[in-house]
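Count the sequence shown with numbering that gives the first Met the number 0 and you get residues 0 to 709, in order.
C-beta: ideal position from N, C-alpha, C; glycine also.
Heads up: the structure comes next, in structure tokens.
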Amino acid sequence: MNRIIKDIWINVFWKNPDHLWALKVTVSIAFLLIPAELIFHNSFIGTTVALGVVAMALGETDVHPRGRLKSAAVALILFFITSSVTVIFLPYPIRFAVVLAVLSFSLILTGGIDSRLQGVTFGTMLILVYTMLGAENSEKWFYQPIFLTVGAFSYSVVSILLLYYRPYRLLKEQLARGFHYLAEYINLKADLFPSKQQVQTQIRTQLAQKNIELAQQIETCKTNLYSYSEESSRDALPMVDRYYRKWFLLQAMQERAISSHEQYDLLSRQVKNSELLDGFGQLMREIASAMHLYADSLLTDQPYKHPLSLKWTVSAMQKMLEAEKDGPHYLTLSLLMRNLTGLEENLRQEESSVQEDQDTARLDVAVFHSRKPERNSLKTLLNPAHPRFRFAVRLSLAWLLGYGIMLYLNFGKGAWILMTSLIVFQQTYSATRLRLFHRVFGTLLGVVLGITLAQLLPTLSGQILLLLSSIYLFFYWLKKNYTVAAIFITIFVLAAFNLLSNQGAAVMLPRIIDTVTGGALAYLAVRFIWPDWQYKQLPGLLLNAVVKNRRYFESIYDGSITEEAYLHNRRTAYNADNALTSAWKWMRLEPKSRRRYQDKAFNLTNLNHALLSYISAFGVHKSSEYLSERELDLCRDVSDVLRLVSEMLTNNADERQIEDSFRKTNCWDEQIDQMMGDTGNRRARLIYNIAHVARELLTEAKGIVGLYKA
């Protein structure tokens with residue numbers, strides 16, 4: 000029996016962080032709500048402490064146990080003060096409007112200092128709204144500040160105790176999520192083997208967007224690792240080093256996964272052995288499956304077992320490739336196979352826990368302990384040009400308008416207008432529009448489903464069960480699908496009001512009206528107050544991407560670059576590509592009149608991602624053998640072209656330089672053909688792929704200059 004319970008715990012909760020998070024919240028609420036309802040028969044206390052738990056859980060950040068203890072302490076103080084100020088000033092509309100504006104602006108701005116404070120301030124703003132919602136049910140002014148803080152404290156105790164029990168759990172969760180994302184990327188890329196040209200564009204677009212998740216996750220891991228370095232004692236640093244090395248391993252495997260060795264539609268047409276290409280696709284799927292297993296092993300602390308089927312697939316592919324030794328594409332295919340077997344080797348070495356990736360083994364991990372989590376100063380944020388400042392202004396104005404509508408139309412639960420604006424508001428117009436759709440649609444579905452379930456469970460115990468199950472499902476779905484999450488938070492509200500006043504169904508229509516009103520205010524604010532349209536960001540993002548790609552490329556063939564500098568240049572190149580791809584992604588959701596240069600943006604995004612993919616392939620094989628002099632000369636020529644493109648983007652290019660570069664690039668095809676005839680130039684084809692994309696960027700540069708001026 001104990002074994003069965005342990006297996007369920009590992010497979011359902013320990014292996015699934017979203018289930019574990021939902022369980023922590025639900026247990027914290029149940030611990031407070033059930034005694035309040037069944038022993039003290041006081042629904043006000045039960046629902047208020049439940050809201051305190053929700054606010055603390057939503058404002059929680061992934062940091063070291065000691066750091067979480069600090070942030071929890073700050074949050075509890077802010078929760079109590081903010082709730083008290085809200086209760087005191089709420090009866091005086093004009094004074095409260097001033098308090099509302101000052102609090103919202105200052106909290107949003109303070110949250111921009113670092114990710115830890117961003118979570119704390121978001122939870123504090125939730126507490127402000129929760130206090131407004133419960134004000135009419137509170138007999139004494141201090142009840143809400145106390146009970147909301149007690150609920151938040153209860154969740155903090157559960158969360159921090161669990162974190163002290165497993166102090167590196169959060170690092171494992173973040174790293175495991177990164178490996179899962181990487182496995183999904185590789186699995187999607189397997190569809191390129193074989194593939195047709197018309198399908199390739201679609202797959203590559205999906206790959207570029209999938210890489211956004213991966214790049215963001217790698218940055219999240221970096222922030223958490225820096226936090227652990229900052230908070231850990233000297234004796235604990237060797238343990239942190241282990242997770243640094245897994246982070247570097249994730250990046251090294253990302254480089255292998257993103258790399259492109261050839262235009263795969265050409266290979267699909269020209270390689271006669273279709274089974275060989277199918278074999279590459281199958282090998283990538285096997286690697287992706289093994290990577291999922293490795294990610295699960297990080298979460299469960301169980302040894303990773305390398306799949307035997309993957310070893311068999313590698314062996315079979317090597318034999319098939321050997322049979323193609325005299326074929327015209329053997330060199331390209333052998334480099335591709337070396338790359339994939341490198342991924343398989345990385346995983347196989349993890350099985351015996353002796354992994355020391357050849358890139359990270361030469362790296363002094365200790366130097367990273369001096370790094371600090373990225374922070375902004377308040378002086379930097381107090382700048383009207385800063386996105387965070389504009390975000391604070393938008394939200395503050397939306398809240399003031401929402402509060403005015405609440406008073407003018409005498410909305411009893413009008414604080415939901417502010418709640419919706421807070422939840423829907425995002426940094427960009429496109430993200431806000433998307434969140435608004437999910438929120439409104441989810442709320443409508445939640446009302447229908449909630450009223451139905453409430454009628455099926457009319458008893459007190461039934462409503463408690465409905466509240467606890469809905470909050471569990473809300474937190475489980477929150478990071479997966481916001482529409483589904485909005486359904487369950489609506490059911491949670493309905494159950495809470497049924498417990499509080501038996502008016503759950505009655506408040507659903509006002510909730511719908513307030514949700515639509517708050518969402519509309521958020522939409523209008525982000526649409527008309529300092530809108531940051533993506534076409535304005537695109538030129539700077541493209542310039543940054545070209546510069547970072549060039550530095551990454553130079554780091555590969557320049558022997559004087561340290562390993563630390565190489566890893567930094569690689570990561571910043573990926574981040575720049577991620578930012579450019581994100582801009583294109585959000586541009587498609589902007590108003591048609593603001594989608595300027597949409598086709599050009601699509602072409603430039605694809606070109607940059609293709610350039611990064613080819614450079615990654617070159618980087619994967621950087622340590623295999625020395626470059627020949629002719630290969631080095633071609634690398635320098637390509638780097639000069641990329642430098643010229645960046646100069647053209649800033650209007651610093653000389654016309655004579657441009658013409659000379661065009662003449663030089665026109666000779667590359669002939670130069671490559673001669674190099675390919677010499678077996679000493681084994682990586683000439685890889686360099687040519689980079690050169691080919693660099694030439695296309697140069698060709699499009701005049702159009703890009705026009706875009707930059709706009």
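The beta carbon of L381 sits closer than 8 Å to those of L108, F388, all from its chain and outside the five residues before and after it, given in chain order.
In the three-state reduction of the DSSP assignment, A505 falls in the coil class, being assigned neither a helical nor a strand state.
If you draw a straight line from the Cα of K412 to the Cα of V439, it comes to about 17 Å. With fewer than 16 other CB atoms across the displayed protein chains lying within 10 angstroms of its CB, R662 is exposed. Residues Y556 of the same chain have their beta carbon placed closer than 8 Å to that of L631, with the five preceding and five following residues left out of the count.
Per DSSP, V62 lies in no alpha helix (DSSP H) and is assigned neither H nor E. In this structure L444 is not in contact with I512, their Cβ atoms being roughly 16 Å apart against a cut-off of 8 Å. DSSP places C634 within a helical segment (H, G or I) once states are collapsed to three. For W585, the enclosing alpha helix (DSSP H) starts and ends at 562 to 586. The segment 686 to 696 makes contact with the segment 639 to 651: 3 or more CB pairs, one atom from each, lie closer than 8 Å. Taking a cut-off of 8 Å on C-beta distances, the segment 85 to 105 touches the segment 389 to 402, as three or more cross pairs fall below it. In this chain, the alpha helix (DSSP H) harbouring D295 covers 273 to 299. Ranking T561, R510, G517 by CA distance to the CA of G403 puts G517 first.
Counting of Cβ neighbours within 10 angstroms places E59 among the buried residues, the total reaching 16 or more. In the three-state scheme derived from DSSP, where H, G and I count as helix and E and B as strand, K412 is classed as coil.
For the options A71, S258, N375, Y225, the alpha carbon positioned closest to that of W246 is the one of Y225. Each of L68, I9, A72, A151 was checked against the Cα of F30, and the nearest Cα belongs to A151. Contact between S468 and L542 is ruled out by a C-beta separation of about 51 Å, above the 8 Å threshold. Counting only runs that start and end inside the segment 103 to 153, the alpha helix (DSSP H) elements of at least 4 residues fall at 114 to 133. Selection T204, P16, S105 evaluated against E172 yields P16 as nearest (Cα-Cα).
Under the three-state reduction of DSSP, F12 is assigned to helix. Rounded to the nearest angstrom, the Cβ distance from T47 to Q143 is 6 Å, consistent with a contact under 8 Å. In the three-state DSSP reduction, E349 falls in the helix class (H, G or I). Pairing Y329 with E323 gives a Cβ-Cβ distance under 7 Å.
Counting C-beta pairs closer than 8 Å gives three or more between the segment 177 to 188 and the segment 200 to 212, which meets the contact rule.
Taking the Cβ atoms as the reference, C220 lies roughly 6 Å from L174, within the contact range of under 8 Å. Three or more beta-carbon pairs drawn from the segment 519 to 531 and the segment 412 to 421 are found closer than 8 Å, and the two stretches are therefore classed as touching. If the five residues before and after F95 are omitted, its C-beta is found closer than 7 Å to the C-beta atoms of F88, L89, all from its own chain and listed in chain order. Taking 7 Å as the cut-off, the Cβ atoms of D576 and H620 do not count as close. DSSP, read as helix, strand or coil, puts D325 in coil.
Annotated as proximal: L334 and H260, with beta-carbon spacing under 7 Å. Y164 sits away from A56, with the two beta carbons spaced by 7 Å or more.
Distance from the CA atom of M507 to the CA atom of F146, rounded to whole angstroms, is 25 Å. If you look at K245, you'll find it in the alpha helix (DSSP H) that goes 236 to 257. In the DSSP assignment, Y551 falls within the alpha helix (DSSP H) that extends over 533 to 556.
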